[in-house]
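Asks: Residue numbers (UniProt numbering), protein chains in the order written: chain A, 1 to 233; chain B, 1 to 233.
Backbone N, C-alpha and C define an ideal beta-carbon position, used for all residues, glycine too.
Here the structure is a predicted model, which is why all the values come from computation and not from measurement.
Below you will find the structure I want to go over with you.
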DNA sequence: GTATCTCATTGATCCAGATCAAGGAGCGCC
DNA sequence: GGCGCTCCTTGATCTGGATCAATGAGATAC
């Protein structure tokens, strides 16, 4: 994935409905911009109007900035995700690349206008927005009421769902984010996250390979550690 | 607001576009159910499919339940709000009335189908969903990175925005939720919330009248306490 | 291959907010 | 209008995770 055309084609095939007319495709093309981001770089976008982003390839984090230099990671995104960057309000937001990323950006208002005649696009936007809201609510519960161990377990399970490769009863993960990113996402410190990893490793629930490799060995036990509701035993 | 007809009319006038045809209105009527909830009662809804709720009148809280009996308030809603109750996943959710409430409920999937021909309804659904997501993200930052005092200040400011009555430079609030609800919303305990109220009162930033009355005396100072980004000084 | 630099782990101490424990005040009920 | 109950406030103590402080291990550059 390198050229602007590739990126746009990727957007077309994954977001627009199958038999979208060529004139509509052309309309979206005039609205969208292709951006390549290197790791640790953040997307520059107008802070007074929301922007729609389609992540063609890569992984990003959405970060909220409070006063001081405190940061909270609101969400991680992976290849194929569609997300809305809010205009800055009481806090400011940035989208930062975790690895090399290709994305398409659209001014939200104009995109919406273009989509109005194609309710399948609207429906999809709504659907994806609902999934984001759902994830955000789970995060709220995690941050509001869970212990460090529960947070880290929840995090691993959620990553397993999104980027895990199942191998028998195990799930392999290649985490694109650093311990700092995980800590900022879970409302913890690097040290605490590291200690929970060690704890889970010592209990035989996970194995780690290098900085980014994690294998979940006992998903059932992790579910219990995560404080999830017992599925009727 | 008491009869089923009143409630549905309220929904029609606040959610459906102005010149919606009578046959469409009739369609939505067949999908919707009117429910009255007394304080502390919760809405019963199928746990395997999402439900759309329009709050005609009253105030509610959306609560997530983790294992043990820990609860996290995900959001408060007030008259005129439209919200989506997710199907239960790793956690379960309930919608509970804070005061007497009238609401209209719709099966989400069927509502969406009915709305497909009316992209104004879709657009509105999307818009409201985006606002919910935005609020949820602010909450994430609050729960992840803010101190008790910052959380309570943020909470008061957010309530001021939604249900405050401005009187000169002051804002009057009549909070429909208990200290317990506030604590469960901010990831704190009742005691800590109470102590922050006392602190803010002692600093002359708020005045309290009885259990539910709060007057914000210094919105600017509260903004500072809330850890909001300084508006270019 | 190895030097170096960054990121992760581990250990020691500290503190904000939880927990435990009484009082006090508002509000509904009779 | 006062009785009683619930919710709120205040105080004392405890603790999980933050902070401070070294190591240790992976990745990158040469």
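Name, going along the chain, the residues of the segment 78-97 of chain B whose beta-carbon falls closer than 7 Å to a beta-carbon of chain A.
Replies: Residues passing the 7 Å Cβ filter: 84, 86, 90, 91 and 92.
Asks: If we call anything under 7 Å between Cβ atoms a contact, is residue 71 (chain A) one with residue 65 (chain A)?
Replies: Working through the first chain from its first residue, we reach residue 71 (chain A) at position 71. Working through the first chain from its first residue, we reach residue 65 (chain A) at position 65. Yes; because the gap between Cβ atoms is below 7 Å, this pair is in contact.
Asks: Got a sec? Which residues, its chain only, sit under 7 Å from residue 149 (chain A) by beta carbon, not counting five neighbours each side?
Replies: Your numbering for residue 149 (chain A) matches position 149 in the first chain. So the list reads 196, 199 and 225, once near-sequence residues are dropped.
Asks: Using 7 Å as the limit for Cβ to Cβ distance, is residue 59 (chain A) near chain B?
Replies: Counting from one through the first chain, the residue named residue 59 (chain A) turns up at place 59. So, not an interface residue.
Asks: Report the start-end ranges of each beta strand (DSSP E) in the segment 189-216 of chain B that is 3 residues or longer and not cut off at the edges.
Replies: 206-209 and 213-216
Asks: By the DSSP assignment, the alpha helix (DSSP H) with residue 108 (chain A) in it spans what residues?
Replies: On the first chain, position 108 is the one that residue 108 (chain A) refers to. Its alpha helix (DSSP H) spans residues 108-115.
Asks: Can the beta-carbon of residue 33 (chain A) be found closer than 7 Å to that of residue 105 (chain A)?
Replies: Start at 1 with the first residue of the first chain, and residue 33 (chain A) comes out as number 33. Start at 1 with the first residue of the first chain, and residue 105 (chain A) comes out as number 105. Closer than 7 Å, so yes.
Asks: What does the Cβ neighbour count give for residue 91 (chain B), buried or exposed, with the cut at 16 atoms within 10 Å?
Replies: Reading the second chain from its first residue, position 91 is the one you call residue 91 (chain B). With a 10 Å radius around the Cβ and a threshold of 16 neighbouring Cβ atoms, residue 91 (chain B) comes out buried.
Asks: In chain order, what residues of the same chain have a beta carbon less than 7 Å from the beta carbon of residue 97 (chain B), not counting five sequence neighbours either side?
Replies: Indexing the second chain from 1 puts residue 97 (chain B) at position 97. Once the five neighbours on either side are set aside, the close Cβ partners of residue 97 (chain B) are 37, 38, 39, 40, 41, 58 and 60.
Asks: Measuring straight from C-alpha to C-alpha, what distance separates residue 233 (chain B) and residue 128 (chain A)?
Replies: For the purposes of this step, residue 233 (chain B) is identified with residue 233 of the second chain, where counting begins at 1. For the purposes of this step, residue 128 (chain A) is identified with residue 128 of the first chain, where counting begins at 1. With a pLDDT of 33 at residue 233 (chain B), under the threshold of 50, the modelled position of that residue is not reliable, and no figure is offered here.
Asks: Within a Cβ cutoff of 6 Å, which residues of the same chain sit near residue 7 (chain A), ignoring the five residues on either side of it in sequence?
Replies: Residue 7 (chain A) sits at position 7 when you count from the first residue of the first chain. 34, 56, 102 and 104, listed in sequence order.
Asks: Compare the beta carbon distance of residue 184 (chain B) and residue 212 (chain B) with 7 Å and say whether it is the shorter of the two.
Replies: Here residue 184 (chain B) refers to the residue found at position 184 when the second chain is read from its first residue. Here residue 212 (chain B) refers to the residue found at position 212 when the second chain is read from its first residue. It is not a contact, given that the beta carbons lie outside the stated cut-off.
Asks: Can you list, in chain order, the residues of its chain whose CB lies under 8 Å from that of residue 118 (chain A), leaving out five sequence neighbours each side?
Replies: Taking the first residue of the first chain as 1, we reach residue 118 (chain A) at position 118. Non-local C-beta neighbours of residue 118 (chain A) in its own chain, meaning closer than 8 Å and more than five positions away in sequence, comprise 16, 17, 20 and 24, ordered along the chain.
Asks: Residues in its own chain within less than 6 Å of residue 161 (chain B) by CB, not counting five upstream and five downstream?
Replies: Locating residue 161 (chain B) in the second chain gives position 161, counting from the first residue. Closer than 6 Å at Cβ, skipping near neighbours: no residue.
Asks: Pop quiz: residue 239 (chain B) and residue 145 (chain A) are said to be a contact at Cβ under 8 Å. What is the actual Cβ separation, rounded to whole angstroms?
Replies: There is simply no residue 239 (chain B) to check, as chain B begins at 1 and stops at 233 in what is shown.
Asks: Would residue 3 (chain B) be called buried (16 or more neighbouring beta carbons within 10 Å of its own) or exposed?
Replies: Numbered from 1 along the second chain, position 3 holds the residue referred to as residue 3 (chain B). Exposed.
Asks: Verify the CB distance criterion: does residue 129 (chain B) have a CB-CB separation below 7 Å to chain A?
Replies: If you number the second chain from 1, residue 129 (chain B) lands on position 129. True, the Cβ-Cβ gap to chain A drops below 7 Å.
Asks: Near residue 47 (chain B), what residues of its chain come up, given a Cβ to Cβ distance below 8 Å and the 5 sequence neighbours on each side ignored?
Replies: By one-based count along the second chain, residue 47 (chain B) stands at place 47. Closer than 8 Å at Cβ, skipping near neighbours: 87, 88 and 92.
Asks: Please state the DSSP three-state secondary structure of residue 80 (chain B).
Replies: Numbered from 1 along the second chain, position 80 holds the residue referred to as residue 80 (chain B). Residue 80 (chain B) falls in the coil class under three-state DSSP.
Asks: Quick one: what does DSSP say residue 149 (chain B) is sitting in, helix, strand or coil?
Replies: Locating residue 149 (chain B) in the second chain gives position 149, where the first residue counts as 1. In the structure shown, residue 149 (chain B) sits in a helix (DSSP, three-state: H, G or I).
Asks: Drop a sphere of 10 angstroms on the beta-carbon of residue 214 (chain A), count the other beta-carbons inside from all chains shown, and report buried for 16 or more, exposed for fewer.
Replies: Your numbering for residue 214 (chain A) matches position 214 in the first chain. Classification for residue 214 (chain A): buried.
Asks: Please report the straight-line C-alpha distance between residue 44 (chain A) and residue 221 (chain A), rounded to a whole angstrom.
Replies: Working through the first chain from its first residue, we reach residue 44 (chain A) at position 44. Working through the first chain from its first residue, we reach residue 221 (chain A) at position 221. Each residue's alpha carbon lies about 42 Å from the other.
Asks: Residues in the segment 63-76 of chain A with C-beta within 9 Å of chain B's C-beta atoms, listed in sequence order?
Replies: 64, 65, 66, 67, 68, 70, 71, 72, 73, 74 and 75
Asks: If you draw a straight line from the C-alpha of residue 153 (chain B) to the C-alpha of residue 217 (chain B), how long is it?
Replies: As a first step, residue 153 (chain B) must be located in the second chain, where it is residue number 153. As a first step, residue 217 (chain B) must be located in the second chain, where it is residue number 217. Those two C-alpha atoms are separated by around 12 Å.
Asks: Would you report the Cα separation of residue 69 (chain A) and residue 63 (chain B), rounded to the nearest angstrom?
Replies: For this step, residue 69 (chain A) is matched to residue 69 along the first chain. For this step, residue 63 (chain B) is matched to residue 63 along the second chain. Using only the alpha carbons, I get a separation of about 31 Å.
Asks: CB-CB under 8 Å to residue 31 (chain A), same chain, minus the five flanking residues each way: which ones, in chain order?
Replies: Within the first chain, residue 31 (chain A) is the residue found at index 31, counting from 1. Within the same chain, residue 31 (chain A) has close Cβ partners 106, 107, 110, 111 and 114.
Asks: What is the C-beta distance between residue 116 (chain B) and residue 123 (chain A), in whole angstroms, given that I count them as a contact (C-beta under 8 Å)?
Replies: If you number the second chain from 1, residue 116 (chain B) lands on position 116. If you number the first chain from 1, residue 123 (chain A) lands on position 123. Cβ atoms of residue 116 (chain B) and residue 123 (chain A) come within 8 Å of each other, at about 7 Å.
Asks: Using a Cβ cut-off of 8 Å, which residues of the segment 134-146 of chain A contact any Cβ in chain B, in chain order?
Replies: Against chain B - using a Cβ distance shorter than 8 Å - the residues of the segment 134-146 of chain A are 134, 136, 137, 138, 139, 140, 141, 143, 144, 145 and 146.
Asks: What residues match up with residue 133 (chain A) in a beta bridge as DSSP calls it?
Replies: As a position in the first chain, residue 133 (chain A) is number 133, starting the count at 1. Note: residue 133 (chain A) sits in no beta bridge, so no partner.
Asks: Is residue 81 (chain B) buried or exposed, if buried means 16 or more other CB atoms sit within 10 Å of its CB?
Replies: Along the second chain, one-based indexing puts residue 81 (chain B) at 81. Classification of residue 81 (chain B): buried, given that the 10 Å Cβ count is 16 or more.
Asks: Whole angstroms are fine: how far does the CA of residue 132 (chain A) sit from the CA of residue 143 (chain B)?
Replies: Translated into the one-based positions of the second chain, residue 143 (chain B) becomes position 143. Translated into the one-based positions of the first chain, residue 132 (chain A) becomes position 132. So the alpha carbons of these two residues sit roughly 18 Å apart.
Asks: According to DSSP, is residue 183 (chain A) helix, strand or coil?
Replies: The residue labelled residue 183 (chain A) in the question sits at position 183 within the first chain. Residue state, collapsed to three classes: helix.
Asks: At least one CB of chain A closer than 7 Å to the CB of residue 187 (chain B): is that the case?
Replies: Numbered from its first residue, the second chain carries residue 187 (chain B) at position 187. Yes, residue 187 (chain B) counts as interfacial toward chain A.
Asks: From residue 9 (chain B) to residue 85 (chain B), what distance separates their C-alpha atoms?
Replies: Numbered from 1 along the second chain, position 9 holds the residue referred to as residue 9 (chain B). Numbered from 1 along the second chain, position 85 holds the residue referred to as residue 85 (chain B). Rounded to the nearest angstrom, the two C-alpha atoms are 22 Å apart.
Asks: For a minimum of 3 consecutive residues, which ranges assigned as the beta strand (DSSP E) are wholly contained in the segment 47-78 of chain A?
Replies: If we require 3 residues or more, the beta strand (DSSP E) runs fully inside the segment 47-78 of chain A come out as 51-57, 59-65 and 71-78.
Asks: Compute the Euclidean distance between the alpha carbons of residue 202 (chain B) and residue 192 (chain B), then round it to the nearest angstrom.
Replies: Position 202 of the second chain holds residue 202 (chain B). Position 192 of the second chain holds residue 192 (chain B). Each residue's alpha carbon lies about 15 Å from the other.
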